[in-house]
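The structure appears below as structure tokens.
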Amino acid sequence: MGQLTLPGNPPVEILLRRSARAKRLSLRVSQLDGRVTLTLPNGVSNRQATDFASEKSDWIANALSKHAAPVEVGPGVSIPVEGVSRRIIAGEGRSARLLPGTITAPEGRAGKTVLALLRHMARDRLAEAVDRYGAEVGRDVGRLTLRDTRSRWGSCSSDGNLMFSWRLILAPAEVLDYVTAHEVAHLVHMDHSAAFWGVVREICPGFETPRKWLRTEGAGLHRFRFGA
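Be aware that the sequence shown starts at 3, since it is given in the numbering used here, and climbs by one per residue.
Structure representation (structure tokens):
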């Protein structure tokens, strides 16, 4: 994979990815990290790639302007919890606590303690939703695992184990419910057939709305950093 630099203020680094399957030049800006990738069909020169990127410079700039900058979690910062904005304030004690409208966290350890609180909340909410939807489809659920995945919000293995991103606790409650219903439905159909979507629709009516939210807003949940 090569790279080119598009002049500007600031200059933009573009990754070049060649693909035998590509039929045309195409640009993509990652919603997760703002990385710009230009896919090239075989036979396209680097010069042609540079010319194409230059022609699309306005589009690239507009796409990058929509990329949310990382947010370091700490006192004074607001984060969504089940879709509701909560302001983090310094508090006493060794752990973070959820209060009406706020989260209290020990200064100096706010990021780590808020992360622990969110993961605990996510596990509780997901476990409840998994049990509820599992009962509705009449299937036993295996192990429940939480991860901080960027490529998917959840997954279901062939032996019935479920994995979810803990960041779903940041999204509105109906979004977490939809993702849970989606993965539990895979216990019935391990595909995305019409029958599968029929199960999703049966146990999670109106799933289209939270599904659309996740597609348009989900990437923004990854901007929060909990290192401090």
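Glycine included, every Cβ here is placed at the ideal spot set by N, Cα and C.
| request: Reducing DSSP to helix, strand and coil, say where F54 ends up. | output: On the sequence shown, residue 54 is found 52 positions in, with the first residue counted as 1. Of the three classes helix, strand and coil, the one that applies to F54 here is helix, per DSSP.
| field | The beta strand (DSSP E) enclosing A175, as first and last residue numbers | value | As a working note, residue 175 is residue 173 in the sequence shown. Element bounds for A175: not the beta strand (DSSP E) but the alpha helix (DSSP H), A175 to A187.
| Three-state secondary structure assigned by DSSP to S153 | For the purposes of this step, residue 153 is taken as the residue at position 151 of the sequence shown. S153 falls in the coil class under three-state DSSP.
| query | Can you tell me the Cα-Cα spacing of L6 and G36, whole angstroms? | reply | Taking the first residue of the sequence shown as position 1, residue 6 is located at position 4. Taking the first residue of the sequence shown as position 1, residue 36 is located at position 34. Note on geometry: alpha-carbon atoms of L6 and G36 lie some 16 Å from one another.
| task | Return the Cβ separation of E74 and R227 in integer angstroms, given the expectation that the two are a contact with Cβ distance under 8 Å. | result | As a first step, residue 74 must be located in the sequence shown, where it is residue number 72. As a first step, residue 227 must be located in the sequence shown, where it is residue number 225. Their Cβ separation, rounded to whole angstroms, is 5 Å, which keeps E74 and R227 in contact under 8 Å.
| message | When you compare the CB positions of G233 and I90, do they come within less than 8 Å of one another, or not? | response | Residue numbering for the chain in the displayed model covers 3 to 230; residue 233 lies beyond these limits and cannot be assessed.
| said: By DSSP's criteria, R99 is part of a beta bridge. Which residues make up the other side? | reply: Counted from its first residue, the sequence shown places residue 99 at position 97. Bridge partners of R99: T106.
| message | In the DSSP assignment, the beta strand (DSSP E) including V38 goes from what residue to what residue? | response | The count along the sequence shown starts at 1 and reaches residue 38 at position 36. Segment V38 to P43, the beta strand (DSSP E) holding V38.
| Does S97 get closer than 8 Å to chain C when you measure Cβ to Cβ? | Of the protein chains in the structure, only one exists, and it is not chain C.
| said: Less than 8 Å between the C-beta atoms of G85 and A173, yes or no? | reply: Locating residue 85 in the sequence shown gives position 83, where the first residue counts as 1. Locating residue 173 in the sequence shown gives position 171, where the first residue counts as 1. Yes, they are a contact pair.
| query | Where does L120 fall in DSSP's three states? | reply | Position 118 of the sequence shown, counted from the start, is the residue given in the question as residue 120. DSSP places L120 in helix when its eight states are reduced to three.
| task | Helix, strand or coil for P212, going by three-state DSSP, please let me know. | result | The residue given as residue 212 occupies position 210 in the sequence shown. Note: P212 maps to helix in three-state DSSP.
| query | Around the C-beta of T115, are 16 or more other C-beta atoms found within 10 angstroms, so that it is buried, or is it exposed? | reply | If you number the sequence shown from 1, residue 115 lands on position 113. Buried, because 16 or more other Cβ atoms sit within 10 Å of the Cβ of T115.
| Under the rule that 16 or more other beta-carbon atoms within 10 Å means buried, what is L119, buried or exposed? | For this step, residue 119 is matched to residue 117 along the sequence shown. Buried.
| Three-state secondary structure assigned by DSSP to I67 | Translated into the one-based positions of the sequence shown, residue 67 becomes position 65. According to the sequence displayed, residue 67 carries Ser and not Ile. Residue state, collapsed to three classes: helix.
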